[in-house]
Amino acid sequence: MMASKTHVDSTVNERRLRPIYDWLDNGNNKKALQEAEKVLRKQPNNQCARVLKALALLRLGKENDCQVIMDKVRSEVPCEDSTLQAMSICYKEIHQPDKIREVYEAAAKADPNNEELLSHLFMSYVRLGDFKKQQQTALALYKLKPKNPYYFWAVMSVVMQAIQADDKLAKDVILPLAERMVLKLVNEGKLEAEQEVQLYIMILELQGKDEEVFRVISGPLGSRLYGVPQRKAALLLQLKRYPEAVAAFKELIDEDNDNWSHYLNYLTAALHYEHPSICLEYLDLTVESCESNARAPHLARFELLKRVGTKDFTLRTLIEPVKLMRQYFESFGHKGCMVSDFKLYLNVLTSEEQLDLLECIEEDVDVAADSSPTSIDQMLRHIHFEQLRRLCGMHHSPNMNLEDRIKHVERLRDLYEKGIILCPADERLPTDFGPFDSYAILASHLLVQMWFETDNASHLYKAMALLERALSISPANFHLKIILVRVYLEAGLINAASYIFFLLDAKQIQIDSLGFLHVPLLAPLGQLTVASSALDHAVKFFVANYKHSADRLTFAYKYGSFVKIQEFVDLRERLDNSLHFATSTVDKMLLELSWCDSAKSLSATLATMRIQPHEDSIRWELLRDNRDLEVVIGWEPLRKNKNERKYDETRACMLQLLAARNLILRIIAATVEQDSGSLLLKLAGELRALENERIPKCLEKFKVSGNRVRVESVLIPLDAVERLREAYESKQLTIIASLAESFSKNSMPDLDCIEEMRSLPCLEPIQLPETNDPVSYKEFFLRAGTCGETLALLGAMCAASQSHTQLTNRKNRKKSNKEISSVAADDIQNWTKISALLRERIQKLEGVLCELEKRPVQTGFNSDDDDDATTIVKERVQESIHHSCWMLISRLQLTAKLLNNIRS
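Structure representation (C-alpha cells):
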C-alpha cells in the first residue's frame, strides 16, 4: 500500500514538472520560470522544481539568484534522481563539475546501497579526472552488484592512474596491479566482451609485454577480438621475428593487395633479412596478379627504391624508376591522389631523370602548347602534369623567367575557361569541385609567387579576380577559399579575407586547427569588431570543450569503450593546452583593454579578467600546436632536408609573440595595482630580454634578400611571423617596457620616456606611396593597427598610474603647501606632455586613415577586364579599406576620450 502511494506521488510530481522541462527544452526560459513558480506555490519544498527554477534563472542571465537556490537545495542533501540530474545540468552550465561530485557524494553517503547513485558518483569523478576515487567507487559498485562493467571501470581507472604517473611507478606498481585484477577474471573464465580483452591487451602493451600479448591473441581470448591476423603480424614485427612477420604480411597482402600499410610493414620486415632483389621479385609478381586499380603494389616498388637508396645500384637498374613512374601515370594519372603519390618519391630521381619523366608524361598526355584537353580524363592528366612540373621546379627560376611565367598564367587561365565548357555546371552536383579548378589554383600560385619576387601588387589583384571567378563556379571548393583568404591577407584586405574565411564554415575542432588562417590577423589589420567576435567564439569553444570531453568520457565508460578513453583524455588535454587557445585568450583581453575610454571602465574590465600579474598563468611546457598546415594545398619545388611549411619556425614565432603579449597584459594589470614598482621593473626586464634576445633569433630564419623579414610562400603561415616582425620593428615592446620602468620609479612618466616616445616607429603611421599602381595595404594597416593599439595601451597604463598619483596626493595633504605645490607642478607638467604627445599622434593617425579612405583604389584592371569577378574584387577592396579605417578611427576616438581624462 505504501509503495503504491509513493508511485502515485512520483507520477503526480512528474506530471506537474513536465511543462517546466518542455519549456526549458524549447528555450523559453521565462515560461519555464513561471511554471516552476506555479508548482512551488503549491509545493514550496519541491526540490526538483526549485532546481529547475534555478536553471531557468541561470539561462535568463541571473547566475547569482541561481547559485542561492542551488546552495540551499544542496544543503538539504537531495537523493531523488530527477533532482540530482537537474542539479548536474545546472552545474555543468556554470562550469562547476566539482559541485556535481559533492551532491552525489552526499547522496551516496545518505543511501550507500543505491546502485544508481553510486554509478552517477563514479561518472562525476570521471568528469573531474579523479582516477583514484573512480577506482574506489567502481569497486564499491562491484561489491554491491558484481557486474563485469563495474569491475572493468575499476581496472580502467587503475590504468589511467598508470598513464598519469611516472614510468617507474607505473611499470613497477600500478600496471602489475591492473594486470592481476584482470587475470583474476581470466582465471575464473569471466571475461565476456571484446572490450575487456582489449583492455587486458592494453595493460600488457603498456608494460612492453609483447610476447604475452602474442600469447593472448593466439589463445582462446583471441577469438573475441577483431582483426587478429593483422595484430599477429604487427606483433611479429615488433618482436623482430622477421621471417614469420614476412610470411604473415604476405598472407595479408594476398587477402587485401591494395592495403598500403601491409606493404610498408612487409618491406620493414623483409629488408632485415632478405636481399632487396627478392623483395622486388615478390612485388613484381603481386603487381601482375592484382587488379588494375590497385595502387599499393606499384607504390611499394618506389618505396623499396627509396629505402634502399644509393646502396644498391643493381636494384636501381632492375627497377628503372622513370619507366615505372611513367607506367604508374598511365594507370592512375587521372586520379586526384596521383601527384601526392609521386611527391613522396620524386626525390629518388636525379634532376635529369625528373626531366625525362616530365617529357614522357607530356608525350603521353598529348596536349600541345596551343591546344586544350578534349575530355575530362585528359584534362585531369594535364592538370597533374602541370602540378608535377611545378614540383620539379619548372615554374621557378632559372627554368622559367618572369615573362614566361606571365604567359603561363594566361595559358592556365585559358585552359580554365575551356575546362568550364568541357564540364558544364549542369553535369555536376553543387557540392562537387570543378575538375578544372586546379588550373585556377595553379595560376594563383604563380601570381602570388610573382608578387613575392617583384612586389608588384597587380599580380595579387589578378589572383583575386581569378579566384573569385573560380569560387562563383565551384562554391564548395575549400582550396579556392583558403588561397583566396591568403591573397586578400597579402594585400592587407582583412574584411575581404574575413568574408571568404567565413564561407569555409569552420566548426568545432576546426576552430583550433584552421584558426591560424585568419583569426590572429583580424585585429592587427583593423577588423576589430569581427576580431572581438571571433576571439570570443574561439575562447568559448575551448572552455566548452571541457564539458563536452567529459560527456564523451562518461559515454566511453558507460558503453565499455575502454580503448577510446585515453584518446578522449588526450583530445581534452590537446584542446585545453592549445596554443591557439592561449593566444586567443591573451589577444581577446588586450583587445578589450584597448577599447576602454576611462579609468573606471579600465578597472572594471581588468576586474572581470582576474589577471594575476605576479604569476604567469600559461603552462608553457604543455602548450600544443594543433594547426593543420597541410590544409593549404601547394606544389612548391621539392628540396631535400627542407621544411617547406616551416612548422617549427612559425611555432617558435607564435610562442614568442604570445610571451610578449602576455607580458604586456601583465604589465597593464600590474600598473593598476598599488605598490607594484618592483613587479613592473621585473616584467619590463623580461619584455626587454624577449625583444633583444629571443625574438631576433626567431625572425632571423625568415630573412630574405635585403635583410628583410618576410614569408615568401603560401604554404608558410603568415600570422605569427608578420605580427612578431611588426611588434619588433615598430619598437612597440620597447616603449611599453620603457613606460613600465618609468612607472616602477614614480607614478608618472619621466621625461626620458616621453622623449623616447617621440622617435619610435610604433606611434608613427606609414605613409602610402603616391602612385597610380596597385599596392598592398598590409604593411600600412599592420603599422596603423600597431600604432592604434600602442596608443590605447599606453593610455590605459597612464590612466591607471595617474589614479595612483591622485590617491597618493590625497593621502599626503598634511604635507606643507610648498612641498605639495612643487610635486604637483612636476606631476602636471609630465602628464601634460605625455597626454599632448599621445593626442597629437592620435590626430596624425586619424588624419592618415581619413586620407586613405578618400583615396581612389587602384587594382590595375583594364577596361577589357570588366566582368563580375573584377567588379566583386573592386567592391571588396573598397569596402575592406573603408571598414578597417573606420574601425581604427573608432578605437582612436575612445583612446582620445581616455586621454582627455588624464589631468593636463
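Residue numbers for the sequence shown, in this note's numbering: 773 to 1676.
Note that beta-carbon positions come from the ideal geometry of N, C-alpha and C, so glycine has one too.
Please read all numbers here as calculations on a predicted model, not as lab measurements.
Worksheet item: Does the beta-carbon of R1438 have 16 or more other beta-carbons within 10 angstroms, so that it is buried, or is it exposed?
Response: Translated into positions along the sequence shown, residue 1438 becomes position 666. With 16 or more Cβ atoms within 10 Å of its Cβ, R1438 is classed as buried.
Discussion item. Given the structure, does P1489 come close to the ligand MN, in the sense that its CB is under 7 Å from one of the ligand's heavy atoms?
Written reply: Absent from the structure shown: the ligand MN. Ligands present: none.
Practice prompt. Can you have a look at G1108 and say buried or exposed, based on whether 16 or more other CB atoms are within 10 angstroms of its CB?
Written response: The residue you call residue 1108 lines up with position 336 of the sequence shown. The residue in question, G1108, is exposed, as its Cβ has fewer than 16 Cβ neighbours within 10 Å.
Discussion item. Taking 8 Å as the threshold (C-beta atoms), are L1239 and Y1211 in contact?
Written reply: By one-based count along the sequence shown, residue 1211 stands at place 439. By one-based count along the sequence shown, residue 1239 stands at place 467. Going by C-beta atoms, Y1211 is not nearer than 8 Å to L1239.
Discussion item. I need the boundaries of the alpha helix (DSSP H) containing W1223, first residue and last residue.
Written reply: Sequence index remark: in the sequence shown, residue 1223 carries index 451 (1-based). Note, W1223: alpha helix (DSSP H), D1209 to T1226.
Item to complete: Have a look at Q1126, R790, L829 and E877 and flag the residue whose alpha-carbon is nearest the alpha-carbon of L1410.
Response: As a first step, residue 1410 is located in the sequence shown; it is residue number 638 there, counting from the start. When each option's Cα is compared against that of L1410, the closest is Q1126.
Worksheet item: What distance in whole Å lies between the Cβ atoms of C1051 and L1036, which are believed to be in contact at a cut-off of 8 Å?
Response: If you number the sequence shown from 1, residue 1036 lands on position 264. If you number the sequence shown from 1, residue 1051 lands on position 279. Wrong, their Cβ atoms sit about 12 Å apart, outside the cutoff.
Item to complete: Output the distance between the C-alpha atoms of Y922 and K1336, rounded to the nearest integer angstrom.
Response: Walking along the sequence shown from the start, residue 922 turns up at place 150. Walking along the sequence shown from the start, residue 1336 turns up at place 564. A direct Cα-Cα distance of roughly 17 Å separates Y922 from K1336.
Worksheet item: So, are the CB atoms of G901 and P1296 less than 8 Å apart?
Response: Reading the sequence shown from its first residue, position 129 is the one you call residue 901. Reading the sequence shown from its first residue, position 524 is the one you call residue 1296. Not closer than 8 Å, so no.
Practice prompt. Could you spell out where the alpha helix (DSSP H) holding M1151 opens and where it closes?
Written response: As a first step, residue 1151 must be located in the sequence shown, where it is residue number 379. Annotation: the continuous alpha helix (DSSP H) that includes M1151 extends over I1148 to L1163.
Item to complete: Determine whether the Cβ of Q1338 lies closer than 8 Å to any Cβ atom of chain D.
Response: Of the protein chains in this structure there is only one, and it is not chain D.
Worksheet item: Touch check for the stretch 1421-1436 and the stretch 1516-1536: three-plus C-beta pairs under 8 Å?
Response: No: the two stretches stay apart, fewer than three of their Cβ pairs being nearer than 8 Å.
Discussion item. Can you find the residues in the same chain that come closer than 8 Å, C-beta to C-beta, to Q936, ignoring five residues on each side of it along the sequence?
Written reply: Counting from 1 along the sequence shown, the entry for residue 936 is found at position 164. The beta carbon of Q936 lies closer than 8 Å to those of F903 in the same chain, with the five residues before and after it left out.
Practice prompt. Determine the DSSP secondary structure at R1396, reduced to helix, strand or coil.
Written response: Counting from 1 along the sequence shown, the entry for residue 1396 is found at position 624. Assigned with DSSP and collapsed to three states, R1396 falls in strand.
Worksheet entry | Cβ separation of V1486 and R1258, assumed to be a contact under 8 Å, to the nearest whole Å | Along the sequence shown, read from residue 1 onward, the residue named residue 1486 stands at position 714. Along the sequence shown, read from residue 1 onward, the residue named residue 1258 stands at position 486. About 5 Å; that satisfies the 8 Å criterion.
Worksheet item: Could you give the C-beta distance for L1563 and R1613, rounded to a whole number, given that I count them as a contact under 8 Å?
Response: Within the sequence shown, numbered from 1, the residue matching residue 1563 stands at position 791. Within the sequence shown, numbered from 1, the residue matching residue 1613 stands at position 841. Right, their Cβ atoms sit about 6 Å apart.
Discussion item. Just to confirm, is the Cβ distance from W925 to Q906 under 8 Å?
Written reply: In the sequence shown, residue 925 corresponds to position 153, counting from 1. In the sequence shown, residue 906 corresponds to position 134, counting from 1. Yes.
Practice prompt. Please say whether M953 and V927 have beta carbons closer to each other than 8 Å?
Written response: Numbered from 1 along the sequence shown, position 155 holds the residue referred to as residue 927. Numbered from 1 along the sequence shown, position 181 holds the residue referred to as residue 953. Result yes, Cβ atoms of V927 and M953 sit closer than 8 Å.
Discussion item. For T1543 and V1444, I'd like the C-alpha separation in whole angstroms.
Written reply: The count along the sequence shown starts at 1 and reaches residue 1543 at position 771. The count along the sequence shown starts at 1 and reaches residue 1444 at position 672. Just so you know, the alpha carbons of T1543 and V1444 end up roughly 46 Å apart.
Worksheet entry | Buried or exposed (CB count within 10 angstroms, at least 16 for buried), A1478 | Here residue 1478 refers to the residue found at position 706 when the sequence shown is read from its first residue. Going by the sequence as given, residue 1478 is Gly instead of Ala. So G1478 counts as exposed.
Worksheet item: Can you tell me the Cα-Cα spacing of F1274 and A1310, whole angstroms?
Response: Against the sequence shown, residue 1274 aligns to sequence position 502. Against the sequence shown, residue 1310 aligns to sequence position 538. One alpha carbon belongs to F1274, the other to A1310, and they sit about 14 Å apart.
Item to complete: Report yes if the CB atom of S1502 is closer than 8 Å to the CB atom of R1466, and no otherwise.
Response: For the purposes of this step, residue 1502 is taken as the residue at position 730 of the sequence shown. For the purposes of this step, residue 1466 is taken as the residue at position 694 of the sequence shown. If you check the CB distance, S1502 and R1466 do not come in under 8 Å.
Discussion item. Helix, strand or coil for S1350? Go by DSSP, reduced to three states.
Written reply: Working through the sequence shown from its first residue, we reach residue 1350 at position 578. DSSP places S1350 in strand when its eight states are reduced to three.
Item to complete: Work out the CA separation of L889 and A775 for me, nearest whole Å.
Response: On the sequence shown, position 3 is the one that residue 775 refers to. On the sequence shown, position 117 is the one that residue 889 refers to. Because the pLDDT at A775 is just 40, under 50, the model does not fix this residue reliably, and the value given afterwards should be weighed accordingly. Their backbone Cα atoms lie some 20 Å apart in a straight line.
Item to complete: Mind checking who V1476 pairs with in its DSSP beta bridge?
Response: As a working mapping, residue 1476 is identified with position 704 in the sequence shown. R1480.
Item to complete: Could you tell me whether the stretch 1063-1075 touches the stretch 1022-1031, where touching means 3 or more Cβ pairs closer than 8 Å?
Response: Touching, yes.
Worksheet item: Hey, E968 and L997: beta-carbon distance below 8 Å or not?
Response: As a first step, residue 968 must be located in the sequence shown, where it is residue number 196. As a first step, residue 997 must be located in the sequence shown, where it is residue number 225. No. Outside cutoff.
Worksheet item: Which class does N1249 belong to by DSSP, given the choice of helix, strand or coil?
Response: Sequence index remark: in the sequence shown, residue 1249 carries index 477 (1-based). Here DSSP, grouped into helix, strand and coil, assigns N1249 to coil.
Practice prompt. Please name the residue in K1279, N1249, D1227 and S1244 whose C-alpha comes closest to that of E1262.
Written response: On the sequence shown, residue 1262 is found 490 positions in, with the first residue counted as 1. Closest in C-alpha terms to E1262, from the list K1279, N1249, D1227 and S1244, comes D1227.
Worksheet item: For E1240, does the three-state DSSP call read helix, strand or coil?
Response: In the sequence shown, counting from the first residue as 1, residue 1240 sits at position 468. DSSP places E1240 in helix when its eight states are reduced to three.
Practice prompt. Can you give me the Cβ contacts of I1254 inside the same chain, cut-off strictly under 8 Å, excluding the 5 residues immediately before and after it?
Written response: Position 482 of the sequence shown holds residue 1254. Hits under 8 Å: L1276, L1289, V1403, V1404 and I1405.
Worksheet item: Can you tell me where the alpha helix (DSSP H) with A826 in it begins and where it stops?
Response: The residue you call residue 826 lines up with position 54 of the sequence shown. That run of the alpha helix (DSSP H) goes Q819 to R831.
Worksheet item: Looking at S1305 and L1363, is the spacing between their C-beta atoms short of 8 Å?
Response: Mapped onto the sequence shown, residue 1363 falls at position 591. Mapped onto the sequence shown, residue 1305 falls at position 533. In this structure, L1363 sits away from S1305, with a CB-CB distance that is not shorter than 8 Å.
Worksheet item: Nearest-angstrom Cα distance between M1097 and S1103?
Response: By 1-based counting over the sequence shown, the position of residue 1097 is 325. By 1-based counting over the sequence shown, the position of residue 1103 is 331. Cα atoms of M1097 and S1103: separation of roughly 10 Å, rounded to the nearest angstrom.
Discussion item. Extract the residue ranges of the alpha helix (DSSP H) inside the stretch 1504-1556, only unbroken runs of 4 or more that lie entirely within it.
Written reply: DSSP assignment within the stretch 1504-1556 yields the following whole alpha helix (DSSP H) runs of 4 residues or more, N-terminal first: 1504-1517 and 1523-1531.
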